[in-house]
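All remarks here apply to the structure that follows.
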DNA sequence: TGTATTCTAGTGGTCAGACCATAGAAAGCT
DNA sequence: AGCTTTCTATGGTCTGACCACTAGAATACA
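If you want it as structure tokens, here you go:
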């Protein structure tokens, strides 16, 4: 008999819970924002202990599919698609990610996202982008607020690209970088320049000029990276990535 | 006082466990493949119940940082960096990912990966790639084995790119597609053509021709996608993605 | 002596039930 | 009405017992 593919990382009960939820999601019986039944009740329905149910829920929470609110209930995540915020940080700790690599990944993905958005963006996206750009200009002296609109601007582009998978990936990366960006932008004196760059990106997207959109986005991100680099080098805060770390090729051949 | 950023998805005990492991990873006291102490023992050390410890471990397992082997022990994951295999599938069920979107993401990321590999690849990578290509030619009539070398080939390129973050992302995507590819390749009669395409990619990388490497890779993936599409359309197997699904813009504006 | 079988210690998986902590709703007070 | 207190529902944690799996040791067999 051909043995079934088993992801040995999940035990039977956990798998049972995950499949149950997945089935409900695929059937459309469960949608973002919905609440699932109380643990005691759902455990009884599934015929498993509450502890096992909680293991399965924890698994789904860790993957960014569900969210638990103590004293309130357990819900299907309803924000933009992304992997769990801390996942990249943990993987960084394990595999020695470095910051320039995050910027590189961001440059590649967001560049393509901008190009796709130029090709596929609808009017509603153009409107939303224009609004964010306008906001950036109007409050160009409040770094905190500025960053907020910056994040939304990029998120709309991801949305406009029509590829939610790439959107989820970049959302994960940006989440991991958010704290650092927040500190950087705080002392930024170039917010107006930033706003102008965003406007250029927007114009290219609205003009459906994919190549230009990519170019502007890449330039924008390079400037952002340089600004980051210019930051005073403080000792590594807890949870940051390593400064260096060569990896061996060995693992690549694992069967 | 500025309130601390709290990821409300993790309770205190879970956080405690995750931070403990993270700290050990960052300190280098824990490396890929290492085993952590037995649950009963570690729980006592941390001063928490075994149940809580297990919650934390489950969290780390779900994020692909650890792996549990029943009856043996709990280990730090030692394979290539990637998010949990089922994460993309779950997110797909939740956000309606489609297959063409996976191919598109793959095209973009692997194209860039090939270009980076051309720029940064070392001799050892060239050697390893050549070996895989040779294997592909030699066993071009055994689809199962062929796919194995195909996977390794792409993994080496990711490694050679020098960006483990992008490598982890593509590894996650490829994992999610593996089962489907396995079925496709089974009836493939064009394996020799595939091998030739891989050889072209390899040559471009060895010649350090980034543009050509990207071009060849993209062409290769387009052919692979067409082969996939030519597959007989069977009813959606459990765990697959939806056929269609427009998303609203609303979520993008969430604060 | 070498091999197959059985046993056993170690370790993760599940269960049951109790009690704690939190958030929101309801009731009571002024 | 508006504030405070209490109650209720729901998730969080603990304890300790028992089940299930794995690997290696001990044993039996040839």
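Protein chains in written order, with the numbering used here: chain H, 200 to 454; chain F, 200 to 454.
Virtual Cβ for every residue (Gly too), placed ideally from N, Cα, C.
Collapsing the DSSP output to three states places residue 265 of chain F in a strand. With a cut-off of 8 Å on Cβ pairs, the stretch 255–269 of chain F is in contact with the stretch 247–266 of chain H, counting three or more such pairs.
Note on geometry: alpha-carbon atoms of residue 378 of chain F and residue 341 of chain H lie some 50 Å from one another. Think of a sphere of 7 Å around the beta carbon of residue 303 of chain F: the chain H residues whose beta carbon falls inside it are 362, in chain order. Segment contact: the stretch 307–317 of chain F against the stretch 404–420 of chain F, three or more CB-CB distances shorter than 8 Å; contact assigned.
Using beta-carbon distances, residue 286 of chain H counts as an interface residue toward chain F, with a partner under 8 Å. A distance below 6 Å between beta-carbons, with the five flanking residues on each side excluded, links residue 363 of chain H to the following residues of its chain, in chain order: 280. Within the model, the alpha-carbon separation for residue 241 of chain F versus residue 423 of chain H is close to 43 Å. For the pair residue 404 of chain H and residue 419 of chain H, the CB atoms are not nearer than the 8 Å cut-off. Flagged as an interface residue toward chain F: residue 221 of chain H, by a C-beta distance shorter than 8 Å. Rounded to whole angstroms, the separation of the alpha carbons of residue 296 of chain H and residue 392 of chain F is 36 Å.
By the beta-carbon neighbour count (other beta carbons within 10 angstroms, threshold 16), residue 255 of chain H is buried.
Interface criterion met: the Cβ of residue 231 of chain F is under 8 Å from a Cβ in chain H. Going by beta carbons, residue 284 of chain H and residue 274 of chain H fall outside the 8 Å limit.
If you check the CB distance, residue 346 of chain H and residue 357 of chain H do not come in under 8 Å. Just so you know, the alpha carbons of residue 278 of chain F and residue 293 of chain H end up roughly 11 Å apart. Residue 219 of chain H and residue 376 of chain F have their C-alpha atoms roughly 22 Å apart. Proximity of residue 257 of chain H to chain F, defined by a Cβ-Cβ separation below 8 Å, is satisfied.
For residue 275 of chain F, the enclosing beta strand (DSSP E) starts and ends at 272–275. When C-alpha distances from residue 382 of chain F are compared across F:322, F:398, F:426 and F:243, the shortest belongs to F:426. Inclusion of residue 309 of chain H and residue 369 of chain H in the CB contact set at 8 Å is warranted, their separation being smaller than that value.
Chain-ordered listing is empty here: chain F has no CB closer than 9 Å to the CB of residue 420 of chain H, the nearest sitting near 14 Å. Residue 253 of chain H and residue 214 of chain H have their C-alpha atoms roughly 12 Å apart. Distance check between residue 323 of chain H and each of H:257, H:250 and H:355 places H:355 closest, using alpha-carbon atoms only. Against chain H, the CB of residue 283 of chain F has a partner CB under 8 Å away; the residue lies at that interface.
The beta carbon of residue 254 of chain F sits closer than 8 Å to some beta carbon of chain H. Exposure of residue 269 of chain H is indicated by the presence of fewer than 16 other C-beta atoms within 10 angstroms of its C-beta.
Residue 408 of chain H and residue 348 of chain F have their C-alpha atoms roughly 39 Å apart. If only complete runs of 4 or more residues are kept, the stretch 374–415 of chain F shows the alpha helix (DSSP H) at 390–405, in order along the chain. Chain order gives the chain F residues near residue 300 of chain H as 361, 362, 363, 364 and 365, where near means a beta carbon separation below 9 Å. Residue environment: residue 359 of chain F is assigned as buried (16 or more neighbouring CB atoms within 10 Å of its CB, all protein chains considered). Note on geometry: alpha-carbon atoms of residue 367 of chain F and residue 282 of chain H lie some 13 Å from one another.
Using a Cβ-Cβ cut-off of 8 Å, residue 262 of chain H counts as an interface residue toward chain F, since at least one Cβ of chain F sits closer than that to its own. Excluding five sequence positions before and after residue 212 of chain H, the CB atoms of its chain that fall closer than 7 Å to its own CB belong to 247, 251, 254 and 255, given in chain order. One alpha carbon belongs to residue 350 of chain F, the other to residue 290 of chain F, and they sit about 23 Å apart.
A Cβ-Cβ contact shorter than 8 Å links residue 397 of chain F with residue 332 of chain F.
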